[in-house]
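Notes follow the structure.
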Amino acid sequence: MISRLPEARESARAALIIRERLGDPDGIAAAHDRQAIVDYYSARRRDAEEQADLAVHAGAGTRAAVSAEATRAYLAYRRQDLSSARAIAAVAWKMAEAAPERETDAARRRLAITEAASDLVEGTTSSRAQLLVQASAAMQVSLDEIGTTAYSNLSAIDIENRRLPEAEAVLAASIPLTIERDIPICRQWQTGMRARLHFLRGRWTASGEDAETVIAEHGAPLALIWPHVLSALLTLRRGGDPGLVDRHLDLAWTHARELDESPLLLAVLAAYAERAWHTGERHPLLADAPVQVARAAAVPGNAWAIGDLLVWLRRIGVALDAPQVAEPHRLELDGRHEEASARWLRLGTPYDSAMAGLHAARADAAVAALANLQQLDVEGTAARARAMVADRGIRSLPAQPRRTTRANPAGLTNRQLDVARLVAQGLTNAELAERLYISPKTADHHVSAVLSKLGLSSRREVARSASEFGLV
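According to the numbering used here, numbering within the sequence shown proceeds without interruption in unit steps and concludes at 764.
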């Protein structure tokens, strides 16, 4: 778990050779099992599944065999084959129950996490509590990789389903644990998830900061996909270098294809569709959208990812539909843009809200959405949107705001977001300093920067505006 995946693969292979020479079935199974995990983190799905199958058929004793089955179940869950995941888990549970609990404790915990995550993907929200319990229990007995993996999956599922406050709470608790317990891969994944959460909330600076951190560390390929997607879209929306946009998307697509998981493939295609809306140029990969949507619609858990792609395709004139689409997307696809805009706003996603409103039939609604978009510090998107509204013959366009008049959390860094949340809770500078391990003077500087970027004059106003700015 120290994020040196090529070395880890070689180490697992070397261990396998030794165990084969010794005729050690348990060791052989363990080596294949570990290589399966390393291959998965390396976004090598086919290799991972092959290694997990080899581990299962190594003729090992109960402990190694149950662990191998737990890996197979997890890989099936990750590819959204939930029926196979549950069937494999059922076999593993029977094997585990026939052995002393201490021998299979780690595998039992992994199976419980896989089952709870599968239920949550299917919409059983009560499984959130089970995942939190499993994560905490694993951390308490120093099964850190297992515990942080539970947090990683929970945060990803919450964000995918736009349960943003819940995801923010999970990540606020779990990312420090990945640092404290030295689990770099889970830290990279969760930092990428936090980048996505910030992105959805319109916190561009903090999102870019997190995405760049993962990319700069040359993180695990599994953890790099979202940071590359987000870096591309941040550059695109802010009117940055088109070449940089394409480089990030190309890298994201390469890893997503190797991993072959529908939510990630759809996310990259949605980014390509957004790129087409901005530039007028359709990437050849968009021709693959109907196949990918049909595949994703055949399994549970993809309503939001499908919706993201379908809405952007509709905006560039491609009419594609699917039965499994999240509510805000369905409203947009049905032409109920103002309702969709209001729904996105309630979810805490201001960019999506403005984009939905921009396509409203009523001119004043489109103009209001354009005004909101112009406040979000997305010059590239705002310029394209302004031209689109003008092309409709609408003349009463809103004035373009000066940068100094924009008041939103888009420019707050991660540290400033931490400060803003604590100020909203009523903490003093001394309390801020103690909580964040900084001096009171530094805390005061951070508070001043927060007030300036939010366009507020007092700490009390931060507390009053906390909900509006997504700080609670």
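A virtual CB, placed ideally from N, CA and C, is assigned to each residue, including glycine.
| Asked | Found |
| --- | --- |
| Three or more beta-carbon pairs under 8 Å between the segment 327-334 and the segment 373-392, yes or no? | no |
| For the alpha helix (DSSP H) holding Ala498, just list the boundary residues, first then last. | 496-508 |
| Note down, in chain order, each residue of its chain lying with its Cβ closer than 8 Å to the Cβ of Leu558, except the 5 sequence neighbours on either side. | Gln584, Val585, Ala588, Asn594, Ala597, Ile598, Asp600, Leu601 |
| Does the beta-carbon distance from Glu437 to Ile475 come in below 8 Å? | yes |
| If you count every other CB in all the chains shown that lies within 10 Å of the CB of Gln432, and 16 or more means buried, which is it? | exposed |
| Among the residues of its own chain, which have a CB less than 6 Å from the CB of Thr527, if the five just before and after it don't count? | Leu536, Val537 |
| Check Arg530 in the structure and name its three-state DSSP category. | coil |
| Between which residues of its own chain and Arg574 is the CB-CB distance below 6 Å, once the five residues before and five after are set aside? | Ala568 |
| What residues in its chain sit with their C-beta under 6 Å from that of Glu760, if we drop five residues either side in the sequence? | none |
| So, for Asp450: in the same chain, excluding its five sequence neighbours on each side, which residues have a beta-carbon less than 8 Å away from its beta-carbon? | Arg420, Leu456, Glu458, Ala459, Val462 |
| Where does Thr354 fall in DSSP's three states? | helix |
| So what does DSSP say about Ser759, is it helix, strand or coil? | coil |
| Looking at chain C, is there any beta carbon in it that lies within less than 8 Å of the beta carbon of Ala357? | You won't find chain C in this structure, because it holds only one protein chain. |
| Suppose you measure from the CA of Ala442 to the CA of Glu472; what does that come to, to the nearest Å? | 16 Å |
| Beta-carbon separation of Val560 and Ala544 under 8 Å? | yes |
| With three or more C-beta pairs closer than 8 Å as the rule, is the segment 632-648 touching the segment 615-624? | yes |
| According to DSSP, is Pro701 part of a helix, a strand, or is it coil? | helix |
| Please tell me whether Gly672 and Arg529 are closer than 8 Å, where the distance is taken between their beta carbons. | yes |
| Let's see if you can read the secondary structure: which residues bound the alpha helix (DSSP H) around His621? | 619-625 |
| Count the other CB atoms, across all protein chains shown, that sit within 10 Å of the CB of Ala653; report buried if there are 16 or more and exposed otherwise. | exposed |
| Identify whether Arg574 lies in helix, strand or coil by the three-state DSSP scheme. | coil |
| What separation, rounded to the nearest whole angstrom, lies between the Cα atoms of Gly718 and Arg751? | 8 Å |
| Mapping DSSP to helix, strand and coil, what is Glu720? | For clarity, residue 720 is Thr in the given sequence; the question names Glu instead. Three-state result, Thr720: coil. |
| Taking 8 Å as the threshold (C-beta atoms), are Ala563 and Leu578 in contact? | no |
| Alpha carbon to alpha carbon, how far is Leu522 from Met293? Give it in angstroms, no decimals. | The pLDDT assigned to Met293 is 47, lower than 50, so where the model puts this residue is not dependable; a value taken from the coordinates is nonetheless given after this. If you take the alpha carbons of Met293 and Leu522, they lie about 25 Å apart. |
| If you run the structure through DSSP and keep just helix, strand and coil, what is Leu714? | helix |
| Helix, strand or coil for Arg455, going by three-state DSSP, please let me know. | coil |
| To test your reading of the DSSP string, which unbroken alpha helix (DSSP H) runs of 4 or more residues are found completely within the segment 509-566? | 513-529, 534-551 |
| Given a cut-off of 8 Å, decide if Arg400 and Ala390 are closer than it, judged by their beta-carbon atoms. | no |
| May I ask which residues mark the beginning and end of the alpha helix (DSSP H) holding Arg401? | 397-413 |
| For the segment 417-486, list the alpha helix (DSSP H) runs that are entirely contained and at least 4 residues long, ordered along the chain. | 419-432, 436-452, 456-472 |
| Helix, strand or coil for Gln616 per DSSP? | coil |
| Could you tell me the distance, in whole angstroms, from the CA atom of Trp385 to the CA atom of Pro468? | 32 Å |
| Between which two residues does the alpha helix (DSSP H) containing Tyr610 stretch? | Sequence check: residue 610 is Val here, not Tyr. Here Val610 belongs to no alpha helix (DSSP H), and DSSP marks it neither H nor E. |
| Could you give the distance in angstroms between the alpha-carbon of Ile310 and the alpha-carbon of Ala398? | 24 Å |
| Would you tell me roughly how many angstroms separate the C-alpha atoms of Gly609 and Ser444, rounded to the nearest one? | 36 Å |
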